[in-house]
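I have placed the structure first, in the form of structure tokens, so that the comments after it can refer back to it.
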Amino acid sequence: MTGQEIADILSEHMDESRIHPDQPMSAYTSFRTGGNALCLVEVHNIEELRRVLTCVRKKFLPYVIIGNGTNTIVEDEGYNGVIVKLGGDFTKIDVTGYEVSCGGGASLAAAARQAADMWLTGMEFACGIPGTVGGAIRQNAGAFGGQMSDIVKRVRALTTAGEEIVLRPHELQFGYRHSIFCLRKYVVLDAVFELKKGDKNEINGRIEQYAKERREKQPLDLPNAGCIFKNPKEGFSAKFIDDAGLGGEHIGGAMVSRKHCGFIVNAGNATATDIIELMNRVRDEVYNQFSVRLEPEITVLGQRKRY
Ligand SMILES: Cc1cc2nc3c(=O)[nH]c(=O)nc-3n(C[C@H](O)[C@H](O)[C@H](O)COP(=O)(O)OP(=O)(O)OC[C@H]3O[C@@H](n4cnc5c(N)ncnc54)[C@H](O)[C@@H]3O)c2cc1C
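Put into structure tokens, the structure is as follows:
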């Protein structure tokens, strides 16, 4: 089936202007590279999402949800299915009392900023994480000693059967960069975070300190997807990569950052293949030198599954 054929089918279920056949995913991922999605759709509410997913499943098409694409790479050959982005109602953020309620497509950093403006503490760690609430919950994103599992009170999700369920922390199977959403193809519809009242100056001080550390230690001037590998039980992935002498190692336009060896950057016209091959080289070299297995933190979308 072609992208246009899929678009024609989906246009019966949602506004045509938000259906994009053969869409370059470089525009939707922070690595700024990668192939086309057969079709990318932006849904604005749960009913629309439900209709699109029902239709896609009926046609046996592969599909995936994308947030801000800050932890994702799409292979150069493209994604042969439908990529669904959560917009509209899914981007809402509301702060009431000690609770921050956010749609799955809301900016995590914006939610953290709004919480800080209301003198709420507990979400400062999230201010510099450039993803959506849905992506952050799936990955149990974290930084500076905080992680999503510390603040999540409940998550509303859509199951593959089209059922809406509410998951409490003990049901979310949070672990290091892990949640139930890594195991089941549920969609994070929205979430509620529970924070505490704090001191405004202290909250802002922490946010500024974390931002400063990121500017000093991370290659924020070049397209990247954050840390490429999870930290293994033996230590920090960036340290193993550095100790293996891989800082500055490159394939095509993809390079292991010298500033932070946990990052691969798109140093200029990197293809997704360059990045994936560099990931493979780094993984193999670290294993050869230290017998430590590095596992990717990022999601690779495509057909070949070379990683
Ligand atoms: C400069 C930079 C710094 C970063 N720093 C950190 C950091 O400090 N800590 C950290 O943990 N990460 C960090 N990251 C990585 C990334 O920002 C986080 O993992 C973030 O949570 C990913 O969110 P996203 O919306 O971009 O997800 P995407 O990359 O769009 O998606 C990631 C995965 O989540 C799934 N997903 C997305 N939305 C949903 C949803 N609504 N329901 C179900 N599944 C969904 C996707 O299918 C995919 O499998 C950094 C990235 C960059 C570029």
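Residue numbering for the sequence shown follows this note's numbering, starting at 5 and increasing by one per position.
Every residue, glycine too, gets a C-beta built ideally from N, C-alpha and C.
Residue i: CB within 7 angstroms of a non-hydrogen atom of ligand 1
i, result
"Q27", "no"
"P236", "no"
"T95", "no"
"V170", "no"
"R262", "no"
"P300", "no"
"N49", "no"
"A276", "no"
"Q222", "yes"
"L124", "no"
Helix, strand or coil at residue i [DSSP, three-state]
i, result
"K263", "coil"
"A242", "helix"
"K200", "strand"
"C186", "helix"
"K96", "coil"
"N144", "coil"
"T76", "strand"
Residue i, buried or exposed, once every other Cβ within 10 Å from all chains shown has been counted against 16
i, result
"N273", "exposed"
"K201", "exposed"
"G101", "exposed"
"Y180", "exposed"
Spatially closest choice to residue i from the options, by CA coordinates
i, options, result
"K204", "L124, F294, M5", "L124"
"S295", "V286, E301, T303", "V286"
"A117", "S34, L250, C131", "Looking at the sequence provided, one finds Arg at residue 117 rather than Ala. Of the candidates S34, L250, C131, the one whose C-alpha sits nearest the C-alpha of R117 is C131."
"N84", "V60, T74, G92, N270", "V60"
"H264", "T277, I245, T275", "I245"
"L162", "P227, K189, P173, E81", "K189"
"A165", "V191, G150, G179", "V191"
Residues bridged to residue i [DSSP beta-bridge criterion]
i, result
"P300", "F233"
"I87", "L44, V68"
"E103", "T100, E198"
"L162", "E168, V191"
"I23", "V45"
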